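K.L.:
Chains as they are written, first to last, in the working numbering: chain X, 976 to 1457; chain D, 976 to 1457; chain H, 976 to 1457; chain A, 976 to 1457.
4 protein chains.
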Amino acid sequence: MQRREPYGSRLCDGKQIAAHYNAYTAFSAVARGLRAGRHTLEIVADNRFSPESALHVPNDYMSYGGVSRPVLAEQVGSCYIERIRVTPFRREGAWLARAEIFVSNLSERAPVSLRLRIGETERLLPPARLADGLNVFAAEISCPGARAWSPQDPALYTVTAILEKEGEAFDDLIDRFGFREIAIEGKRILLNGAPLYIRGVCRHEDHPQYGCALPFAAMAYDLQLVKSLGANSVRTAHYPNDERFLDLCDELGILVWEENHARGLSLEQMQNPRFEQQAEEVTREMVEQHYNHPSIYIWGILNECASDSEYGKACYAKQFDLIRSLDQSRPRSFASCKFKTDICFDLPEVVSYNIYPQWYHDTPAGEYLADLYGWVQRETGGAGKPFLITEVGAGGIYGYRSAYKAKWGEEYQADTLRDQLEAILSFPDCSGVYIWQFADIRISEEWWGTRPRTMNNKGIFDEYRRPKLCFESVRACFQNRP
Amino acid sequence: MQRREPYGSRLCDGKQIAAHYNAYTAFSAVARGLRAGRHTLEIVADNRFSPESALHVPNDYMSYGGVSRPVLAEQVGSCYIERIRVTPFRREGAWLARAEIFVSNLSERAPVSLRLRIGETERLLPPARLADGLNVFAAEISCPGARAWSPQDPALYTVTAILEKEGEAFDDLIDRFGFREIAIEGKRILLNGAPLYIRGVCRHEDHPQYGCALPFAAMAYDLQLVKSLGANSVRTAHYPNDERFLDLCDELGILVWEENHARGLSLEQMQNPRFEQQAEEVTREMVEQHYNHPSIYIWGILNECASDSEYGKACYAKQFDLIRSLDQSRPRSFASCKFKTDICFDLPEVVSYNIYPQWYHDTPAGEYLADLYGWVQRETGGAGKPFLITEVGAGGIYGYRSAYKAKWGEEYQADTLRDQLEAILSFPDCSGVYIWQFADIRISEEWWGTRPRTMNNKGIFDEYRRPKLCFESVRACFQNRP
Amino acid sequence: MQRREPYGSRLCDGKQIAAHYNAYTAFSAVARGLRAGRHTLEIVADNRFSPESALHVPNDYMSYGGVSRPVLAEQVGSCYIERIRVTPFRREGAWLARAEIFVSNLSERAPVSLRLRIGETERLLPPARLADGLNVFAAEISCPGARAWSPQDPALYTVTAILEKEGEAFDDLIDRFGFREIAIEGKRILLNGAPLYIRGVCRHEDHPQYGCALPFAAMAYDLQLVKSLGANSVRTAHYPNDERFLDLCDELGILVWEENHARGLSLEQMQNPRFEQQAEEVTREMVEQHYNHPSIYIWGILNECASDSEYGKACYAKQFDLIRSLDQSRPRSFASCKFKTDICFDLPEVVSYNIYPQWYHDTPAGEYLADLYGWVQRETGGAGKPFLITEVGAGGIYGYRSAYKAKWGEEYQADTLRDQLEAILSFPDCSGVYIWQFADIRISEEWWGTRPRTMNNKGIFDEYRRPKLCFESVRACFQNRP
Amino acid sequence: MQRREPYGSRLCDGKQIAAHYNAYTAFSAVARGLRAGRHTLEIVADNRFSPESALHVPNDYMSYGGVSRPVLAEQVGSCYIERIRVTPFRREGAWLARAEIFVSNLSERAPVSLRLRIGETERLLPPARLADGLNVFAAEISCPGARAWSPQDPALYTVTAILEKEGEAFDDLIDRFGFREIAIEGKRILLNGAPLYIRGVCRHEDHPQYGCALPFAAMAYDLQLVKSLGANSVRTAHYPNDERFLDLCDELGILVWEENHARGLSLEQMQNPRFEQQAEEVTREMVEQHYNHPSIYIWGILNECASDSEYGKACYAKQFDLIRSLDQSRPRSFASCKFKTDICFDLPEVVSYNIYPQWYHDTPAGEYLADLYGWVQRETGGAGKPFLITEVGAGGIYGYRSAYKAKWGEEYQADTLRDQLEAILSFPDCSGVYIWQFADIRISEEWWGTRPRTMNNKGIFDEYRRPKLCFESVRACFQNRP
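1) Less than 8 Å between CB atoms is the rule here; does D/F1413 satisfy it with respect to chain H?
2) Using 10 angstroms around the beta-carbon of X/F1024, count the other beta-carbons present and answer buried if the total reaches 16, otherwise exposed.
3) Rounded to the nearest angstrom, how far is the Cβ of A/K1443 from that of A/E1385, given a contact under 8 Å?
4) Over what stretch of residues does the beta strand (DSSP E) that includes X/R1238 continue unbroken?
5) When Cβ atoms are compared, which residues of the stretch 1350-1378 of chain X fall closer than 7 Å to chain D?
6) Checking contacts by CB at 8 Å: is D/R1441 closer than that to chain A?
7) Using C-beta distances below 7 Å, list every residue in its chain close to D/R979, excluding the 5 sequence neighbours before and after it, in chain order.
8) Could you give the residue range of the beta strand (DSSP E) that holds D/C1187?
9) Do A/I1276 and A/Y1291 have their beta-carbon atoms positioned less than 8 Å apart in this structure?
10) Taking 8 Å as the threshold, find out whether the stretch 1161-1180 of chain H comes into contact with the stretch 1136-1143 of chain H through three or more Cβ pairs.
11) Work out the CA separation of A/F1154 and A/W1070 for me, nearest whole Å.
12) Closest Cβ-Cβ distance between A/P1190 and chain X: below 8 Å?
13) Going by C-alpha to C-alpha distance, which of H/T1211, H/L1363, H/S1043 sits closest to H/V1326?
14) Of the residues H/E1256, H/E1075, H/E1156, which one's Cα is nearest the Cα of H/N997?
15) Quick one: what does DSSP say X/K1202 is sitting in, helix, strand or coil?
16) Pull up the distance between the alpha-carbon of A/E1324 and that of A/E1421, whole angstroms please.
17) Looking at the C-beta of X/G1040, does it have a partner C-beta in chain D at a distance below 8 Å?
18) According to the Cβ coordinates, are H/Q1440 and H/Y1196 closer than 8 Å?
19) Is DSSP giving D/V1019 helix, strand or coil here?
20) Can you give me the start and stop residues for the beta strand (DSSP E) that D/V1111 sits inside?
21) Output the boundary residues of the beta strand (DSSP E) element that contains H/F1362.
22) Specify the secondary structure class of D/V1042 as computed by DSSP and reduced to three states.
23) Chain A beta carbons: is any one of them nearer than 8 Å to that of X/A1193?
24) On the three-pair Cβ rule with 8 Å, is the stretch 1101-1110 of chain H touching the stretch 1080-1088 of chain H?
25) Quick one: which residues of the stretch 1322-1334 of chain D get their C-beta closer than 9 Å to a C-beta of chain X? List them in chain order.
26) Just grab the DSSP bridge partners of H/I1056 for me.
27) Give me the chain H residues within the contact set of A/T1062, using Cβ-Cβ distance strictly less than 9 Å, ordered along the chain.
28) Does A/Y1132 get closer than 8 Å to chain X when you measure Cβ to Cβ?
29) Does chain H have any CB closer than 8 Å to the CB of D/Q991?
30) Do you know how far the Cα of A/A1004 is from the Cα of A/Q1050?
31) Of all the CB atoms in chain D, is at least one closer than 8 Å to the CB of X/R979?
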């Protein structure tokens, strides 16, 4: 569907031609001046934990090693199209698309022209001589009859860019996007002008047979299960996802909260000297690489990090600024677990909380939510903003059933999720909820103490995608919500 | 087999006639002056946690409520035999028994005489006028042909005491005991002069169908399983056990470490103003009620309590003194988890440790044990004493199998137990080992966080007594040890 | 509660003093002329399958060996009371009881008198000289204020018989019974004049820890579960049960269909030359031994045997005649699986069928039931009689869950039981239903081919008494039936 | 890797352009004369059971519906290469390859020439004018330095065919093959002259997430597991497999028994009037499509069909003849379950039996095998031929463990497989063994009665690919066999 780039760090014929931090965003490398014949391309992947790595730390999910997403080799000429960025918008009731085409110039000296096609409309931009490195072509194209993308009707369009020299095409790139606008209006998130209500699940890339490297059929299977639950959204906790997964969400009309790579970093971990740069990279790459996906309606950052400290707040602010500089079309948020000590709610457009009533504490969900929400409105910069629950859930070990409803039993999980969801879904000022989590996942061995089976067992499905008893209670709650 | 007394607190026709602390030792009550007709006996059992109760605290086992051991009503006359204490000993190669008969006098004024029978030997003690309350008759009886009790040949004898008035019997009591002596010689524990090697399991009174109130058939089933493992001992962690269980151990030749009621009390919990008296009561009752069981070869106290503090040490000393005052025939110990900070090893005859190498930490068992043992010998009052491992083990959730041997999987548990046992069983200065634990048990709900299924899953059997994969590795280790 | 008799065949000091066929009824033996001293009583139990045994055959339940019910030794004098038979009945609105006391005379030559006590009423029967062997005393006692026994109020009374010689008591026996009458009126079974509706379960004596020798606590546990289902009856398929179980049913108000020992015998198996006598014995012993239990409201015979053949019919007739000669107070029935070929429905008072719609065939339960019932009314001697479903059910392997509702999954079982029960409970001419079965049971190894786990998996509970998913659907059906 | 063809029956713009029987072989369709613009290609797949279909019948595996293998659309010109058939052979110690290139001519009138490349060697065949329909080019190419393919060194080579017109390439096809020869010598099967010993598993295409449509990653996962067992072969019971799976076997050096589509057809089912033609089609397509795979060392037909009847024998003979006409390079066999009644062993080169000692009967494996083998040698046309066990195994329900080793428990399965394998692997005249089966599979609902979970549970792995206890016993047996 789209040009895809390899992940990792790379050696060509034994010589390093690229290095890249982070497992969850793509990178590319150009090997220049190769003669005809056999060449060797090596990818060296390193998943060791160390102070060198600020984001990959022992965590409540598994950090697998190796090359876990597709690799593609392509022959390029003197210049080539690197990516296209399409921003749909509405003007006077009709759809338009602003396209920016990023062309990488290796050695081209002659003028090149760019042909752009969106749907049935084609435009030939005037020839230009390229600077070295990155060049941007831009155009605004009116698409009067375009169908809007929505969960109910996930209409997709292709954008085609073709580089020509003297009328002869020599490079092209096709990408896909949808016509839709996200906006914030008071306490509501609007999609094409109508309020969104999120019934979502958080999902890790994890499978007992494939680790984090799920084949396409497994991704599609997961999304069928998500739909069978009556859910309309997925949160890609806690890192940018495989682009094929996002493609499927685009096609199926599943809204996506995409998140940069960070989970539960303490203040001390955020003070790692590498943190700022590594987080900047993954965030930039996430937004640039996934910009065109209509399913992504929000960017999330820094899940459960130190948003209760001044140092932390500076980091949150910097990352939010970066996202805004790269994308003016989507709201931003972060999932907080700092309860009444969070000091960052003035920064994003949407206030989000991870809560676990009746699991990590005994306060009933409704009471807990009302108390928390009241505090946000009265005492924080988040007052008046849309409000999301980004995690709620309970552990349940598949096959462990308890007639007396012990914790970790499937019955307790089912009852607790029902109680939590009923409280949240009926809370008037809430824009939606994400359940933690779609399916059980493997975790870092270091976390075994509080994680039966050395797994996080809060899945609605177990790791083999078998529905637990809570499947029915979640589905009933999601379907009863208009 | 023996007169058994009810547990709890009691009301007779609505009037309180007795109160008793602790669920794990028996008590009796005499209702006096009842007229002929129907009467009501009520037992009020209270299992709430509160500061009133120093020993029953939320813990790594379940504190069930209700009446969980047998209740017996008996009609007594003006005086009756309360209990018999038999102490076997060897003199010039032959067995003797010293019997003390405790007679409770309610209102008898005439002289009574006591007839005593052990095996085939009978002795009539001269008549005596009884004081009010408790009176003691004592006699030493020579039993020249007696067979010694041992695990290989658990020969049991009965002692019969009969109260007579003017040649007419009016009360009797029959109890059972065995001829055997326990001694300490250097680093060895001796049974009838030969060194003991303990291959044991710790066991809670717990069953999914009966809570802590196991019927006799369920106890017998458990002990069959213990034998099938090749084990020769049970530790009644962490409280005195049902006397029928001890009867079975006597009959089957299973050695018992019986323990008073306490588990993991912190210094603060030991400082509860009720602690001293409540612990004194359960300890006294345990020793008095279970004195005659030949299977009990050692008394344990205060498992994993604050033996690293001066305050704690004073408590340990007081309890050890109490035991010695009640029983001069058995060694004493306690199971420590204080590693190199324990200061109490000068007090008991046997040094005991609970260790969990490769479970709670990664140091291999052999290395860990050698280090610990070296410290005890070099730096503590425990030097030169017998040394036991009173707990070793790993969690394994029945049915959770992990090809990559994750923690909580049955494979990991099996491998870890094998590694632990091989290290311990081949450690020359160790007198034996208890595995934690016989079977999975239910725990206090408050402990759910680190306890999958709200259970302690370190059983060799699950709660339904199904063998886990570790059954085979434990059996192999136990059988390979001569 | 009652005198209990040992089971098996017996040797006293190596000499055979009794022989007994069948594992499911009690027998006794008198050892005469023993001198003072030690004697040996041996019980030899033989559970081999062979042509010698017509009733114990490889079957859909396990035939365990050994002594599986209690054994009691008692010292008797020259004569003793063997049993009491109490028949309650109503005359002019008040309860009476006819008591027959069976006295066994070994050697008594002097006249003896019998004192009889029911509730508060006592009667001294005139002295009589006993014949050798069995003698019967009889009396009718009026009990004007007696409370009737019913499931709602299971009031029990004791009957005491005392043998006296010259005013001196020398033997007694206490038994228990209840005041209640069973009658048939048209298509209804009446208990104390009101129609009964049976919501029952079939239950085998089986447990993974104890085989068929369940301890009392395990029986009580099972009956708690039966009550938790909203059931009011148990069918003791396919043999007479342990008397302690019947005692508990009496106390808890659980109605019992007690059944003689036979399951699925083919015509050929019924033609075993031993069949007639062996079946006669177990039937006679069942009725005689369990006559007093108020909970037993019906006698069943010959489950799923050859009731479609003339030979078979003669056997059914003979057994029904025997029962009537022993007991005129209860109706009789048999559970048929012969569908439209059964020829025995003219014999009993109640017509009963075992059916498995949607399990062994695909016809929906309602349609199947209507068809079968119509045939019985139109074409058999069972027309106009009460009609029971004595088995209905489906297999479900605990822990096997199937999102697509495959057979053997818990979901399929839950749905099927709900469909079956809804059809039956709403069928107007049906007097009730027994679910096959209470809990999963072990079977004869020979039956493994169609029995996953070498067990019958149709239990509402698994063998460990864990509720399957169908527990909720059964409970809902039972509770919704007025 | 290879041109792949779609499966099913096809409509182009609503007009039928192809029909095809059988789900397990590929077919293609050419849509002619399409104008530029959008066209619709529909595939209608029908998996209903009916007398129309002789091979798809309710069976011990699931017949899924839909399109379960890849579909590919390709634009072809006036003529195109349909397939290449490569036959490697050795002459005077050096490898050669005979290539036949099948060219389909739609409308080409001008002469075309064919360029052929194997490894480094290229040959240009002289131009020729094509007949309508299928044309064959053939050439023999000497490959002196070629590495032989073997399980230890699965060296693969590509063959490239290019169609040229006037020196201009306009169609090509690349396929892959290996240099190896299979031969029969007495009782041995030889690979490149050395005797083969088969340690194999039978495998169905089945997975709980994907039905029979496993993605490539799932196939690769399965083959990793096969290798982890120490196995060297897979039997594609009971139909031709997805070509990507065969590609992986080629690459991994896993020998393949590929089998046409038929399982357990009775004489009556073989007499279905459609049987002969439908079987002929799948057999022809299997051999033609998979001819080049070096991993396939034998063709199997008609598993467990009526090889004990004359009618059946005629069918077997016809299919064997067909295979021989299409492929002279591989031996042929069939898996019999007719024991001493089979009459077809004179037909194939290899005699094969499916046996289940200690599962379906109680005769020990060694005794059973010796008896059967003796009969084959003494009384059949199979005497002196290589002898394979094509199925052996036992059912084991994952997670069902039985301390008393009941059938269906994992322990019984592990012990039985070990006993079976030890007998077979030490039987001197046996060329190897296939275990039934790799993993548990779903079956046709009609077979539920003898199939717990409505699945065939004889897998070494369960359906989720979790190793059962037998994994270790199988691996030990396979690894101990030199």
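By construction, the Cβ of each residue, glycine as well, lies at the ideal position given by its N, Cα and C atoms. None of the values given here were measured: they were computed from a predicted structure.
P.N.:
In short, the structure shows the following:
1) The residue given as residue 1413 of chain D occupies position 438 in the second sequence. It does not; no Cβ of chain H falls within 8 Å.
2) Residue numbering aside, residue 1024 of chain X sits at position 49 when the first sequence is read from its first letter. That one is exposed.
3) Counted from its first residue, the fourth sequence places residue 1443 of chain A at position 468. Counted from its first residue, the fourth sequence places residue 1385 of chain A at position 410. With 8 Å as the limit, A/K1443 and A/E1385 qualify as a contact, their Cβ atoms being about 5 Å apart.
4) As a position in the first sequence, residue 1238 of chain X is number 263, starting the count at 1. Segment: none, X/R1238 is in no beta strand (DSSP E) and carries neither H nor E.
5) I1372, G1374, Y1375
6) Stepping through the second sequence from its first residue, residue 1441 of chain D is reached at position 466. It does; some Cβ of chain A falls within 8 Å.
7) Here residue 979 of chain D is taken as the residue at index 4 of the second sequence, counted from 1. Low confidence applies to D/R979: its pLDDT is 34, below 50, so where it sits in the model is not reliable, and the reading given next is rough at best. If we look at D/R979 and ignore the five residues flanking it on each side, its Cβ neighbours are A1001, P1045, L1047, E1218.
8) Position 212 of the second sequence holds residue 1187 of chain D. Segment: none, D/C1187 is in no beta strand (DSSP E) and carries neither H nor E.
9) Counted from its first residue, the fourth sequence places residue 1291 of chain A at position 316. Counted from its first residue, the fourth sequence places residue 1276 of chain A at position 301. Against a cut-off of 8 Å, the Cβ pair of A/I1276 and A/Y1291 comes out as a contact.
10) no
11) Here residue 1070 of chain A refers to the residue found at position 95 of the fourth sequence. Here residue 1154 of chain A refers to the residue found at position 179 of the fourth sequence. Between A/W1070 and A/F1154, the C-alpha separation is close to 7 Å.
12) Residue numbering aside, residue 1190 of chain A sits at position 215 when the fourth sequence is read from its first letter. Taking Cβ atoms only, chain X reaches closer than 8 Å to A/P1190, which makes this a yes.
13) In the third sequence, counting from the first residue as 1, residue 1326 of chain H sits at position 351. Measuring from the Cα of H/V1326, the nearest candidate turns out to be H/L1363.
14) Start at 1 with the first residue of the third sequence, and residue 997 of chain H comes out as number 22. For H/N997, the nearest C-alpha among the options comes from H/E1256.
15) Along the first sequence, one-based indexing puts residue 1202 of chain X at 227. Here X/K1202 sits in helix by DSSP.
16) On the fourth sequence, residue 1324 of chain A is found 349 positions in, with the first residue counted as 1. On the fourth sequence, residue 1421 of chain A is found 446 positions in, with the first residue counted as 1. Cα-Cα distance, rounded: 35 Å.
17) Counted from its first residue, the first sequence places residue 1040 of chain X at position 65. No, its Cβ sits nowhere closer than 8 Å to a Cβ of chain D.
18) Here residue 1440 of chain H refers to the residue found at position 465 when the third sequence is read from its first residue. Here residue 1196 of chain H refers to the residue found at position 221 when the third sequence is read from its first residue. The residue you asked about is not Gln; residue 1440 of chain H is Arg in the sequence shown. Yes, the Cβ-Cβ distance between H/R1440 and H/Y1196 is below 8 Å.
19) Walking along the second sequence from the start, residue 1019 of chain D turns up at place 44. Here D/V1019 sits in strand by DSSP.
20) Looking up residue 1111 of chain D in the second sequence gives position 136. First-last of the beta strand (DSSP E) with D/V1111: 1108-1117.
21) For the purposes of this step, residue 1362 of chain H is identified with residue 387 of the third sequence, where counting begins at 1. Counting along the chain, the beta strand (DSSP E) containing H/F1362 begins and ends at 1362-1366.
22) Here the question's residue 1042 of chain D lines up with position 67 in the second sequence. Coil, per DSSP.
23) Here the question's residue 1193 of chain X lines up with position 218 in the first sequence. Yes, X/A1193 lies at the interface with chain A (some Cβ there is under 8 Å from its Cβ).
24) yes
25) none
26) Here residue 1056 of chain H refers to the residue found at position 81 of the third sequence. Note: H/I1056 sits in a beta bridge opposite H/V1078.
27) Residue numbering aside, residue 1062 of chain A sits at position 87 when the fourth sequence is read from its first letter. Per Cβ cutoff of 9 Å: no residues; A/T1062 is ~46 Å from chain H at best.
28) By 1-based counting over the fourth sequence, the position of residue 1132 of chain A is 157. Not an interface residue.
29) Here residue 991 of chain D refers to the residue found at position 16 of the second sequence. Not an interface residue.
30) Counted from its first residue, the fourth sequence places residue 1050 of chain A at position 75. Counted from its first residue, the fourth sequence places residue 1004 of chain A at position 29. Cα-Cα distance, rounded: 12 Å.
31) To locate residue 979 of chain X, count along the first sequence from 1; it is residue 4. Confidence in X/R979 is poor, its pLDDT being 34 and thus under 50, which makes the residue's placement unreliable; the coordinate value appears in the next sentence. So no, X/R979 is outside the interface.
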